[in-house]
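Numbering (this note's numbering), first residue to last: 1429 to 1808.
Backbone N, C-alpha and C fix where the C-beta goes; we use that ideal spot for every residue, glycine too.
The structure presented is a predicted model; accordingly, all values stated were derived computationally and were not measured.
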Amino acid sequence: MDFALTEEQTAIFDMAFAFGQEQIAPHARDWEAQGTIPKALWPQVGELGFGGLYVSEEGGGAGLGRLDATLVFEALSMACPSVAAFLSIHNMCAKMIDSFADDALKARVMPDVIGLNTVLSYCLTEPGSGSDAAALKTRAEKSNAGYALNGSKAFISGGGYSDAYVCMVRTGAEGPRGISTVYVEDGTPGLSFGALEEKMGWRSQPTAQVQFDDCKIPAGNLIGAEGDGFKYAMMGLDGGRLNISACSLGAAQTALNMTLQYMGERKAFGKSIDQFQALQFRLADMEIELQAARTFLRQAAWKLDQGAPDATKFCAMAKKFVTEAGSKVVDQCLQLHGGYGYLADYGIEKLVRDLRVHQILEGTNEIMRMIVARTLLAER
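Quick look at the structure:
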């Protein structure tokens, strides 16, 4: 059993980290204030091969495994978890298209998707269906020309910003087997967007409802087979859970690094505060949490790469553990900064806000516990 990263994996991490520190970190607070990520950033990310991380090499992508991909998101989130998480969403969509779309659709859209000239959003959640995703109501009525979509999607990262939307819609009866996946391009008549949401964190990501009012798309925009859309969506979520965990891990590591630096400089009662044993114990606890989280995450990613039968359970466990550990660590880092941690200038309070949503999306941590418990009972 070898826990070390390969030379190639180390190079992947280092490349993503360097790009994040040079091109993202200096601008992260400004982008948060503006409520958007400059579109010009994405083709630069695409040049690194990060627009199709686990798109097959035959399809023009990087063909990386899930463990390799977590390294990219951990490294980028050390600059800004909001930007890193948005890239994760794009990659989840790209993988769905590469895996299930027909050759004609892939030939038409994938070159720009991989180059990040086309930025993708993932549309599953609706105003009335979150954790109960199979209860979605957005309908796609079939005709000779294609499909007419009616309904709305909620909490969509990139709503009104992205260039195309990978949408789960109902083409059949109630339940998961009546759901299909379609590709909807920005500018399609009948596609519109709600007002931008005011959010606690991830403020650089434009988030809005995506609305369909007799939105007509060609039959060729169906991804895969009718009735298999829910299966595709769930398959994407295992990897998405790993990625969002990696975003928590990277951001928490940055917070700990900043806190170590601050505590060596901040003096109280005649000495730097890193010399107080009680505070040293807090640093030790945070390091232990992050090392445990990193090992757990990489084990889960390895299982997904290997196609292990318990991979879904491990992805759920890692998502629950790592996202909660990340939030706990950044909160402690804010506390160790004292009043300065509450100020935007020090960057810690942004991480506290950004990481909180990681326990909600890609399946709430309550749903993660449910997956684990059901698996345990089934194995009994």
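Check: Inter-residue spacing [alpha-carbon to alpha-carbon] between Gly1474 and Glu1485; Outcome: 15 Å
Check: For Arg1567, the first and last residue of its enclosing beta strand (DSSP E); Outcome: 1567–1570
Check: The ligand ATP heavy atom lying under 7 Å from the CB of Lys1570; Outcome: The ligand content of the structure shown is nil, which means the ligand ATP is not present either.
Check: Inter-residue CB distance, Leu1481 and Ala1503 (contact presumed, cutoff 8 Å); Outcome: 12 Å between Cβ atoms; not a contact.
Check: Inter-residue spacing [alpha-carbon to alpha-carbon] between Leu1544 and Ala1744; Outcome: 29 Å
Check: Between the CA atoms of Gly1491 and Ile1542 - distance to the nearest angstrom; Outcome: 11 Å
Check: Best match in Ala1636, Gly1766, Ala1647 for proximity to Ser1590 [C-alpha to C-alpha]; Outcome: Ala1636
Check: Pick from Trp1630, Val1597, Cys1643 that is closest to Thr1616, judged by C-alpha positions; Outcome: Cys1643
Check: For Leu1670 and Ala1728, believed in contact at Cβ under 8 Å, the rounded distance; Outcome: 6 Å
Check: Integer-rounded CB distance, given that Tyr1611 should sit under 8 Å from Ile1651; Outcome: 6 Å
Check: Identity of the residue in Pro1454, Ala1439, Gly1493, Ala1461 nearest Glu1735 by Cα; Outcome: Strictly speaking, residue 1735 in this sequence is Gly, with Glu absent from that position. Of the listed residues, the one whose Cα sits closest to Gly1735 is Gly1493.
Check: Bridge partners - Met1796, DSSP secondary structure assignment; Outcome: Answer is none; Met1796 lacks a bridge partner.
Check: Residue nearest to Ala1432 in terms of C-alpha spacing, selected from Leu1495, Gly1664, Thr1803; Outcome: Leu1495
Check: Bridge partner(s) assigned by DSSP for Phe1640; Outcome: Gly1579, Leu1619
Check: Rounded distance between the beta-carbons of Ala1647 and Gly1574, thought under 8 Å; Outcome: 4 Å
Check: Host beta strand (DSSP E) of Glu1613 (start-end); Outcome: 1607–1613
Check: From Val1757, Asp1738, Ala1653, residue whose alpha carbon lies closest to that of Gln1681; Outcome: Val1757
Check: Given Val1483 as reference, the closest of Ala1529, Glu1790, Gln1451, Trp1459 once Cα atoms are compared; Outcome: Ala1529
Check: Proximal residues to Phe1621 (C-beta, below 8 Å), its chain only, five neighbours per side dropped; Outcome: Gly1587, Gly1588, Ala1636, Gln1637, Val1638, Gln1639
Check: Exposure label - Leu1771; buried when at least 16 CB within 10 Å; Outcome: exposed
Check: Selected residue, minimal CA-CA separation from Ala1453, among Leu1499, Ala1512, Glu1435, Gly1463; Outcome: Ala1512
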